[in-house]
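First residue of the sequence shown: 1, per full-length UniProt numbering; consecutive thereafter.
All C-beta atoms in this analysis are idealised placements derived from N, C-alpha and C, irrespective of residue type, glycine included.
Note that the coordinates shown come from a computational prediction; the quantities given were computed from them, not determined experimentally.
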Amino acid sequence: METSGEFNQLCNQLFECQCACWAWQGAYATQADRNMQLCTEIEQLRSLVDAQQIRIAHVTKENQRLNLLMGHLMPRDVGPTTNYCSTDADSNEGNGETAETEKSEVVQRLETIVELSDGSSNTSKSEQE
């Protein structure tokens, strides 16, 4: 009888070991699935980072282009009004007036551009708040 009792005890231990093994296999499979999900998420995040870097590079290039454009449009020295007349005022008297008029129109246009750009940045700031 001891043999059958020992046998039953060994069978119970074997069954418990088998159950523990199945539990570990399930946990391992679950962990492997989770690892696959994490790898997929990491790849998606890398793709998003790459896309953002491309967008940043594009915006940076556009910003540089606009800064260059504004550098050409805006006067470098905002000082007293300069007359763009020729040095020979007697012979080109009418041309001097035309140059001054053209200059003032350009200045007015630039001031309008600056005002509009300041207005649009103020609007966007107030909309963000």
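Rounded C-alpha distance that separates residue i from residue j
i           : j      : result
ALA23       : HIS58  : 52 Å
ARG46       : CYS39  : 11 Å
GLU105      : THR60  : 32 Å
SER4        : CYS11  : 10 Å
CYS19       : GLY26  : 10 Å
LEU48       : ASN35  : 20 Å
ASN8        : GLU41  : 49 Å
residue 166 : ILE56  : Because the chain here runs from 1 to 129, residue 166 falls outside it and cannot be looked at.
ILE54       : GLU43  : 17 Å
GLN52       : LEU116 : 29 Å
TYR28       : GLN37  : 14 Å
Residue i (DSSP reduced to helix, strand or coil)
i      : result
SER117 : helix
SER86  : Its pLDDT being 48, under 50, SER86 is placed unreliably by the model, and the measurement read from it follows with that caveat. Note: SER86 maps to coil in three-state DSSP.
ASN92  : At ASN92, the pLDDT of 48 sits below 50, so the modelled position is not reliable and the matter cannot be decided from this model.
LEU110 : helix
CB contact flag (residue i, residue j, <8 Å)
i      : j     : result
LEU110 : LEU73 : yes
Closest by C-alpha distance to residue i, when choosing among the options
i     : options                        : result
GLY71 : ARG55, VAL114, ASN35 and LEU14 : VAL114
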